[in-house]
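Inspection log for the structure reproduced underneath, given as structure tokens.
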Amino acid sequence: MNEFSRLSWSGDQVDALTEIMNIGIGVAAKNLSEMVAEEVFLSIPEIRLVSRSNISEELLSQNPEGMSFVFQDFCGSINGRSALIFPIKKSFNLVKALLNNVVADDEMTEMEQEALSEVGNVILNACIATLADTLDLHMEVEIPQYVRGGAVNVLLAGDDVLDHSRTNLFCAVNFKTHQSGIDGYVLFLLELPSVKKLRISLEQFLQKIM
Amino acid sequence: MESQRTVLVVDDSKLARIMLQKAISHYNSNWKVTVANNGEDGLTVFEENNPDIVIVDYHMPGITGLELAGKLRQQNRSIPIALCTANIQEAIKKQAALLDVSFVAKPVSETNVGHFLEKSEIAINGTEPHE
Amino acid sequence: MKLMVQDNPVIEDNSLAAILLTIFDKTEIGGIVLNCDRRVAIWNQKMTSFSGITQDEAYGETLDTLFENTLLIRFTKAIDQAMRSGMSSVLTHKFHGLVMPLYNSNGGQLMYTLYVKPLNVVNSGRWCLIEIHDVTNVEERESRLRDITMERRESETRLRLLTDNLPAVIHQVTISDDGEKEVSFLSRGVEQLFSIDYEYACHEPDFLRSYVVAHDVDRFDEAVSEVLETFDERNVVVRIDVHNRSTKWVQAFFRARENHMGQTILDGLYLDVTAEKISEGELRRHATIDSLTGIFNRRHLLELSEREFKVACRYASPLSVLVIDVDHFKQVNDTHGHDKGDEVLTILAQTIQSALRQSDVFGRLGGEEFVVSLPHASVSAAYTTAEKLRKMVEKTIFSKKGLSVTVSIGVAEVKPSDKAISATLKRADLAVYEAKRAGRNCVVADYKIT
Chain A
1 MNEFSRLSWS GDQVDALTEI MNIGIGVAAK NLSEMVAEEV FLSIPEIRLV
51 SRSNISEELL SQNPEGMSFV FQDFCGSING RSALIFPIKK SFNLVKALLN
101 NVVADDEMTE MEQEALSEVG NVILNACIAT LADTLDLHME VEIPQYVRGG
151 AVNVLLAGDD VLDHSRTNLF CAVNFKTHQS GIDGYVLFLL ELPSVKKLRI
201 SLEQFLQKIM
Chain B
1001 MESQRTVLVV DDSKLARIML QKAISHYNSN WKVTVANNGE DGLTVFEENN
1051 PDIVIVDYHM PGITGLELAG KLRQQNRSIP IALCTANIQE AIKKQAALLD
1101 VSFVAKPVSE TNVGHFLEKS EIAINGTEPH E
Chain C
2001 MKLMVQDNPV IEDNSLAAIL LTIFDKTEIG GIVLNCDRRV AIWNQKMTSF
2051 SGITQDEAYG ETLDTLFENT LLIRFTKAID QAMRSGMSSV LTHKFHGLVM
2101 PLYNSNGGQL MYTLYVKPLN VVNSGRWCLI EIHDVTNVEE RESRLRDITM
2151 ERRESETRLR LLTDNLPAVI HQVTISDDGE KEVSFLSRGV EQLFSIDYEY
2201 ACHEPDFLRS YVVAHDVDRF DEAVSEVLET FDERNVVVRI DVHNRSTKWV
2251 QAFFRARENH MGQTILDGLY LDVTAEKISE GELRRHATID SLTGIFNRRH
2301 LLELSEREFK VACRYASPLS VLVIDVDHFK QVNDTHGHDK GDEVLTILAQ
2351 TIQSALRQSD VFGRLGGEEF VVSLPHASVS AAYTTAEKLR KMVEKTIFSK
2401 KGLSVTVSIG VAEVKPSDKA ISATLKRADL AVYEAKRAGR NCVVADYKIT
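Next comes the structure, spelled out in structure tokens:
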């Protein structure tokens, strides 16, 4: 909260953003649970302002053996990147759950790229759409890119050269299932200029409803 | 004269509480809305205020909305309760059905809140003599 | 300039738009553009080819109408999301089966990946672009590759099973142009044969050479280099030191060839022939030893005696022979049985052997006849020895029943006129005859020196 107040965010604005992200990811989780036919458990969204190097460290410590990710960049009213991240060993579980054991094991590794791209697409679209619809943002979202065992740099770089001191808005939600062993998280990254625009949009939204 | 009813809203998000309040006012401007921002407080407020209808958020710190609904059910078998969440999964639907708890999907709108409130009124009025 | 797209005039000026539209129409990707009312604004040639629906038929219609409500819900939702919120979506056939009923040029079902993308059109809100990428060929290729990989894996497994259970070791080393060696195959038998860790051996292309005993290394190297030069087959038998605990004999077969990448492939097959070597040794022993008595057999006896003869001649040193014949042996066999007879011979041989010197050659000539060659002994010395032996035999108890056995011995010294030891033996033989005539159990020497 302190970090936000440094950027002149009010408590209401932070709360509003949290709730909107909650809803977006709730929809995403619902979609995912339909796809894997199992209950998906979500954590409460963590919204923070951190530097890229901090995000980098956290991601690496949580995924020591490497991670797979699907990311979708968006631009328009706000610019940023949304990503679905899995520890590399867990990505297979999601594919397996998605294909409901209809496909042979060795075929599944081939399908990993397509399966995760599509799932990523569904989940990330749900999140972004909620944000865009609620705040009446105009954005275009690109098709998902899948990277297996990608370096953190690839995930965080976006179009810009990696600047470790740069601060980002970082929103992360962990989701998991119990039976099929799915365990991953959704990550949103926004650069500071977009963080400002987001705040303005939130304020406009709050004004409207209050 | 229209009866004044009280709706209890339990949600940890201020935004959500505001949205629900707005939707309820839109449905019937006479109705009163009491709020709590977590399950424990919700229980307390419920016992103090005796609302007619309850809307709870699913995902909260402490006890979940479903757990809260369960406790409320123990105290009142017929009061209309709705779970307000974007995350309406099969497993949750089943549990809610067992508790006779409805759903209001997030993001809330005047339409879907109104729909629930209307249903609730019919249920309540059904136990009262016609006017 | 009038731009015609499929014979329909579309744009009547030579703007960039016209050119781009042509490109879009001719691209290999199926392309649809829906306007903000979700009606077809552009339908390219590939879409016609995939769906059988012409541009004319498609213009202005919704996809639902064109495909009679067979569209996947996720697809229509994706279009909504694109139009409303600017979301892009991807749908793969592998997941959904048919998103839209489309066919490839062979008439078979099209396998494709479908992309839905928002298009911001100035003053007209959002339109939507749908791209259809035909992945049928990719699918088929992938499927074939999968089959090949499976086959190869099965084949490899079979090979492994076979080779791992062989008592021989199969070893293949690939040598690149720069001399880099790599183990391209190694069967598990290597662990047993060399008492070496399999993983270690896989990384040491020259491990076999390091085990070869110093004495045989040159022969080994020679065989290998010859194989590598000539690409002929060679085999070499070498001893290996198994961790200084024991020595084994290994027969290594080598063969070399060049592969399609210009690398040299050296194939090796290694057999543990230690057992064979031992039996060989034994065979050799058998070839020289009389199986009953354990002393030299006839052949070896004569061989050695001939050798002594040659030595004696060269150095002009004396050499005498004794021919020892068991008395009444036939009687022994008849009275006491052949087994007893064998036993008698055995005991006799041992008794005599024990009394002889290292340098003396003692063997069984055949039946009940024995020969002793005594180097450096003159006839008189030989006579003394013979007499000693005769007494020994006389005293020896050959059975509990007190069976007594005696021998008749003939002695002869090598004469200058003897061409071979056989001549000397002949004279000793005659002396035995004399001894028998004299009543047996005695020694007769041939003193005639001519």
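Residue numbers (our numbering), protein chains in the order written: chain A, 1 to 210; chain B, 1001 to 1131; chain C, 2001 to 2450. Beta carbons: idealized from backbone N, C-alpha and C, even for Gly. Fair warning: this is a prediction, and the values are worked out from it, not measured in the lab.
1. Select from C:2397, C:2429, C:2403 the residue whose C-alpha is nearest the C-alpha of residue 2412 of chain C.
2. Please classify residue 2287 of chain C: does DSSP put it in a helix, a strand, or coil?
3. Got a sec, what are the start and stop residues for the beta strand (DSSP E) residue 139 of chain A sits in?
4. Once DSSP output is grouped into helix, strand and coil, what is the label at residue 136 of chain A?
5. Is it buried or exposed, residue 1029 of chain B, if we count other Cβ atoms within 10 angstroms and call 16 or more buried?
6. I'd like to know whether the C-beta of residue 1049 of chain B is nearer than 7 Å to at least one C-beta of chain A.
7. Curious, which full-length beta strand (DSSP E) runs of at least 3 residues does the stretch 1059-1085 of chain B contain?
8. Can a CB atom of chain B be found closer than 7 Å to the CB of residue 27 of chain A?
9. By DSSP, does residue 2437 of chain C sit in helix, in strand, or in coil?
10. By Cβ distance, which residues of its chain are closer than 8 Å to residue 2098 of chain C, with the 5 residues on each side in sequence left out?
11. Look at the Cβ atom of residue 2216 of chain C, then the Cβ atom of residue 2238 of chain C, and state whether they are nearer than 7 Å.
12. What did DSSP end up calling residue 2103 of chain C once you bin it into helix, strand or coil?
13. Got a sec: is the Cβ-Cβ distance from residue 159 of chain A to anything in chain C below 7 Å?
14. For the stretch 1067-1080 of chain B against the stretch 182-198 of chain A, do three or more pairs of beta-carbon atoms, one drawn from each stretch, fall closer than 8 Å, so that the two count as touching?
15. Which ranges would you report for the beta strand (DSSP E) in the stretch 2214-2253 of chain C if only whole runs of at least 3 residues count?
16. Would you mind telling me which residues of chain C sit closer than 9 Å to residue 129 of chain A, beta carbon to beta carbon, in chain order?
17. Who are the neighbours of residue 1087 of chain B on chain A, taking C-beta pairs under 7 Å?
18. How is residue 2093 of chain C classed by DSSP in three states: helix, strand or coil?
19. Going by the DSSP bridge assignment, what does residue 47 of chain A pair with across the sheet?
20. Would the stretch 51-67 of chain A and the stretch 112-121 of chain A be scored as touching if the rule is three or more Cβ pairs under 8 Å?
21. Pairs of beta-carbons, one from the stretch 122-129 of chain A and one from the stretch 81-99 of chain A, closer than 8 Å: are there three or more?
22. Would you list the residues sitting across from residue 2126 of chain C in a DSSP beta bridge?
23. At a CB-CB cut-off below 9 Å, which residues of chain C make contact with residue 37 of chain A?
24. Does any residue of chain B bring its CB to less than 7 Å from the CB of residue 16 of chain A?
25. Quick check on DSSP: helix, strand or coil for residue 149 of chain A?
26. Are the C-beta atoms of residue 2118 of chain C and some chain A residue less than 7 Å apart?
27. Using a beta-carbon distance cut-off of less than 8 Å, what residues from the stretch 1011-1034 of chain B approach chain A?
28. Tell me, please, which residues DSSP counts as bridged to residue 2131 of chain C.
29. Whole angstroms is fine: what's the gap from residue 132 of chain A's alpha carbon to residue 2203 of chain C's?
30. What are the residues of the stretch 1101-1117 of chain B that lie near chain A, defined by any Cβ-Cβ distance shorter than 7 Å?
31. Under 8 Å: do the stretch 2320-2337 of chain C and the stretch 2367-2382 of chain C share three or more Cβ pairs, one atom per stretch?
32. Just how far apart, CA to CA, sit residue 2279 of chain C and residue 2171 of chain C?
Walking through what the data contain:
1. Looking at C:2397, C:2429, C:2403, the one whose alpha-carbon comes closest to that of residue 2412 of chain C is C:2429.
2. It is helical.
3. Per DSSP, residue 139 of chain A belongs to the beta strand (DSSP E) from 139-141.
4. Shown here, residue 136 of chain A sits in coil according to DSSP, grouped into three states, outside any helix or strand.
5. With fewer than 16 other Cβ atoms within 10 Å, it is exposed.
6. Interface flag for residue 1049 of chain B against chain A is unset, since no Cβ pair is found closer than 7 Å.
7. Counting only runs of 3 or more residues that sit fully inside the stretch 1059-1085 of chain B, the beta strand (DSSP E) segments are 1081-1085, in chain order.
8. Taking a beta-carbon distance threshold of 7 Å, residue 27 of chain A counts as an interface residue toward chain B.
9. DSSP places residue 2437 of chain C in the helix class (H, G or I) of the three-state scheme.
10. Cβ neighbours of residue 2098 of chain C beyond the five flanking positions: 2070, 2072, 2109.
11. It is a contact, given that the beta carbons lie within the stated cut-off.
12. Strand.
13. Confidence at residue 159 of chain A is low in this model, with a pLDDT of 47, below 50, so its placement is unreliable and the value that follows should be read with caution. Between residue 159 of chain A and chain C, the shortest Cβ-Cβ separation is not below 7 Å.
14. The stretch 1067-1080 of chain B and the stretch 182-198 of chain A do not touch, with fewer than 3 CB-CB distances between them shorter than 8 Å.
15. Complete beta strand (DSSP E) runs here, min 3: 2234-2242.
16. Under the 9 Å cutoff, chain C gives 2081, 2084, 2085, 2086, 2087.
17. Going along chain A in sequence order, the residues near residue 1087 of chain B (Cβ under 7 Å) are 26, 29, 30, 42.
18. Reduced to three states, the DSSP call for residue 2093 of chain C is helix.
19. Residue pairing by DSSP puts residue 47 of chain A in a beta bridge opposite A:171.
20. Two segments are said to touch when three or more pairs of C-beta atoms, one from each, lie closer than 8 Å; by this definition the stretch 51-67 of chain A does not touch the stretch 112-121 of chain A.
21. Cβ pair count under 8 Å is three or more, so yes.
22. Residue 2126 of chain C is bridged by DSSP to C:2120.
23. Chain-order list of chain C residues neighbouring residue 37 of chain A: empty, with the shortest C-beta distance near 14 Å, by a criterion of under 9 Å.
24. For residue 16 of chain A, the answer is yes, since a Cβ of chain B falls inside 7 Å of its Cβ.
25. Residue state, collapsed to three classes: strand.
26. So yes, residue 2118 of chain C belongs to the interface.
27. The stretch 1011-1034 of chain B vs chain A, Cβ under 8 Å: 1013, 1014, 1015, 1016, 1018, 1019, 1022.
28. Its beta-bridge partners are C:2031, C:2115.
29. Whole-angstrom Cα-Cα distance: 59 Å.
30. Cβ contacts with chain A: 1106, 1107.
31. In this structure the stretch 2320-2337 of chain C touches the stretch 2367-2382 of chain C; the number of beta carbon pairs closer than 8 Å is three or more.
32. Annotation: residue 2279 of chain C to residue 2171 of chain C spans about 27 Å, alpha carbon to alpha carbon.
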